[in-house]
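Novice: Chains A and B, in that order, give the protein sequences. Going by our numbering, 87 is the number at position 87 of the first sequence; the sequence numbering is gapless. Take any residue in the second sequence, count from 1 to its spot, add 1000: that is its number in our numbering. One structure, as structure tokens, below. Some questions next.
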Amino acid sequence: EAEVAQSPRYKITEKSQAVAFWCDPISGHATLYWYRQILGQGPELLVQFQDESVVDDSQLPKDRFSAERLKGVDSTLKIQPAELGDSAMYLCASSLASRGYGASNTIYFGEGSWLTVV
Amino acid sequence: GDSVTQMEGPVTLSEEAFLTINCTYTATGYPSLFWYVQYPGEGLQLLLKATKADDKGSNKGFEATYRKETTSFHLEKGSVQVSDSAVYFCALTVRTNAGKSTFGDGTTLTVKP
């Protein structure tokens, strides 16, 4: 069964350093999501891509976070500089959804990247 | 805006007990509703979904019915097993919001032998 691949699985970084996460969605999935999940809470959408275009980044802290999906396939989420409050699990997900027609499409999640900022 | 409210946990049950996890929602459009499950240290997996009113989603003995009149999508299972111990998330997706999904805060279920 196809899966969403993420790396690294775990990352420990010092405050003010840069960190990057990579995601490879299921082949053929047009929509890619980055979520942040703080322990004990549900996932919070950071950014949503439709192919290579950003559809929603309203909750992305743009002063320190950036995301790209240059060829509309894999994606990178970067944090620079990292802050203590960024410690969380970063989940990548994908779906077949095309803009405006995706309400019933299942979102498939990767296993997540755990970030600890010290 | 859209929101999902789940019953607070944690929920602790004995094996073979009946499970209900309540979920209610508010949405700006006509949502599709989902239940996801998250096992320790893993990402979320779809458990079941329903895309229109009165639809019943079911999988692995779990069921949930889309109730538009009460804006609810409660998760039920007749007889839980130890292996069902996990965190359960209710979520909705609204087409008019570019398919953006909104998640509840999750309910932790522990099943004891």
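For glycine and all other residues, C-beta sits at the position ideal for the given N, C-alpha and C.
Taking CB distances under 8 Å as the criterion, tell me whether B:Gly1061 reaches chain A.
Specialist: no
Novice: Which residues in the same chain as A:Ile26 place their Cβ atom closer than 8 Å to its Cβ, once the five residues preceding and following it in sequence are excluded?
Specialist: Ala2, Glu3, Val4, Ser94 and Tyr108
Novice: Run down chain A in chain order and give the residues with a C-beta less than 8 Å from the C-beta of B:Phe1089.
Specialist: Gly42 and Pro43
Novice: Would you mind telling me which residues of chain A sit closer than 8 Å to B:Asp942, beta carbon to beta carbon, in chain order?
Specialist: Absent from the model: residue 942 of chain B. The displayed extent of chain B is 1001 to 1113, so no value can be given.
Novice: Can you tell me whether A:Leu60 is helix, strand or coil according to DSSP?
Specialist: coil
Novice: Can you list, in chain order, the residues of the segment 48–61 of chain A whose Cβ is nearer than 9 Å to any Cβ on chain B?
Specialist: Gln48, Gln50, Val55 and Asp56
Novice: Straight-line CA distance for B:Ala1091 to B:Lys1068?
Specialist: 15 Å
Novice: What span of residues does the beta strand (DSSP E) with A:Ser95 cover, start to end?
Specialist: Ala88 to Ser95
Novice: Could you list which residues in chain A have their beta carbon closer than 7 Å to that of B:Phe1042, in chain order?
Specialist: Just to set this straight, residue 1042 of chain B is Glu in the shown sequence, not Phe. Result: Glu111.
Novice: Measuring CB to CB, does A:Pro43 end up less than 8 Å from A:Gln37?
Specialist: yes
Novice: Tell me the DSSP bridge mates of B:Asp1055?
Specialist: For B:Asp1055, which the question treats as bridged, DSSP gives no partner whatsoever.
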